[in-house]
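Colleague: Counting in numbering that gives the first Met the number 0, the sequence shown runs from 0 upward without gaps.
Beta carbons: idealized from backbone N, C-alpha and C, even for Gly.
Keep in mind it's a predicted model, so treat the numbers as computed, not measured.
There's a structure below that I have some questions on.
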Amino acid sequence: MENSATTRVQEFIGDPVADAPPVSRAKLEEIFQDIQSDLRFDHELNGCLNCGICTATCPSAHYYDYSPREIVQLLWTENLEGIYDAMQEKIWACAQCYTCAARCPFGNSPGGLVMLMRETAIKHGMESAKNVLRPFSRVMLKLISTGNQLSPDMISKDAFPDWGPNISKVDAPLAILRKAIPVPTLHTTKTAWEVNLKTSVELYTIWEETGVLDSLKVIDANLFDVIGDIMDEKREDYADWLEDQEE
Ligand code: SF4
Ligand code: SF4
């Protein structure tokens, strides 16, 4: 007689009427391994009472179909199908405020676990990660190429339609207003502040060495190429500047 425990293992997960191909069990295990093997995993997950304190204090749980308790339970019980399913949408609802981590009686960090799941979703090039990050490509470009996350000229009704009617409160003549600031480096709307060439090159090297740019390549190859070209130019400029100093 066959072992009932093994016959109940689901070989594939997927919607039987969807066009998307099913996900093999091997793939589900690989994804979970990637989450679990991160050095932070054992620090963020110590057990779970299923008490729901994290969900009761979670701001995102009030507005979305999302529960940190559910996420932690999926990981704690190694529910591979549920983990994969949550990575398709739910994990992107977390605001990363870490209120949950401050309240959990087990010292878990549901928000930290969500971060690991997001990084894994990016590593595996999941569509959910691409869809969530696509609207932020301008911010990524600005951040990596200038060291500024946002600049005044990015704050406009057109750029942030999801801000609703409140965007009109910041839709002001910024070019004129910035000129009124006594600090000369702020007299532009192209950057929030000026980051010098050396710092910019160093930041890029950090993102390169820590794998951030590898992740970007998986999610948005075009943006990766554009940023690479900008940084090649900056590195050349910086090398020229260093040469000039030696002369
Ligand atoms: S993660 Fe912590 S707070 Fe949330 S249900 Fe589990 S034990 Fe409770
Ligand atoms: S970090 Fe995420 S899961 Fe935790 S309370 Fe904040 S929004 Fe909720």
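#1: Are the CB atoms of A54 and C93 nearer to each other than 9 angstroms?
#2: Any residues whose CB sits closer than 5 angstroms to a heavy atom of ligand 1? List them in chain order?
#3: I'd like the list of long-range same chain contacts for A192, defined as Cβ closer than 7 angstroms, with 5 residues on each side in sequence excluded.
#4: Would you be able to state if there are at least three C-beta pairs under 8 angstroms between the segment 148-164 and the segment 55-71?
#5: From the DSSP secondary-structure annotation, give me the bridge partner or partners of V217.
#6: Am I right that Q87 and S59 are in contact with their C-beta atoms under 8 angstroms? What's the rounded C-beta distance?
#7: Taking 8 angstroms as the cut-off, is the C-beta of S59 nearer than that to any heavy atom in ligand 2?
#8: Are there 16 or more other CB atoms within 10 angstroms of the CB of I205, so buried, or fewer, so exposed?
#9: Restricting to Cα atoms, I'd like to know which of T198, S155, L212 is closest to T188.
#10: Can you tell me whether K141 is buried or exposed? The criterion is at least 16 other CB atoms within 10 Å of its CB, across all chains shown.
#11: Measuring from the CB of V131, is there a heavy atom of ligand 2 at a distance below 8 angstroms?
Modeller: On the basis of the data shown:
#1: Here residue 54 is Thr; the residue named in the question, Ala, does not match the sequence. Not a contact, by the Cβ cut-off of 9 angstroms.
#2: Qualifying residues, in the order they occur: C47, L48, C50, I52, C53, R68, V71, C103, F105, N107.
#3: The identity of residue 192 in the sequence shown is Trp, whereas the question assumes Ala. Beyond the five residues adjoining it in sequence on each side, W192 comes within less than 7 angstroms, by CB distance, of N147, T184, L185 in the same chain, given in chain order.
#4: The segment 55-71 is not in contact with the segment 148-164.
#5: The partner list for V217 (beta bridge, DSSP) is empty, contrary to what the question assumes.
#6: Actually they do not touch by this definition, with Cβ atoms about 16 angstroms apart.
#7: It does: the Cβ of S59 is within 8 angstroms (strictly closer) of some heavy atom of ligand 2.
#8: So I205 ends up on the exposed side.
#9: Ranking the options by Cα distance to T188, first place goes to S155.
#10: K141 should be labelled buried.
#11: The answer is no for V131.
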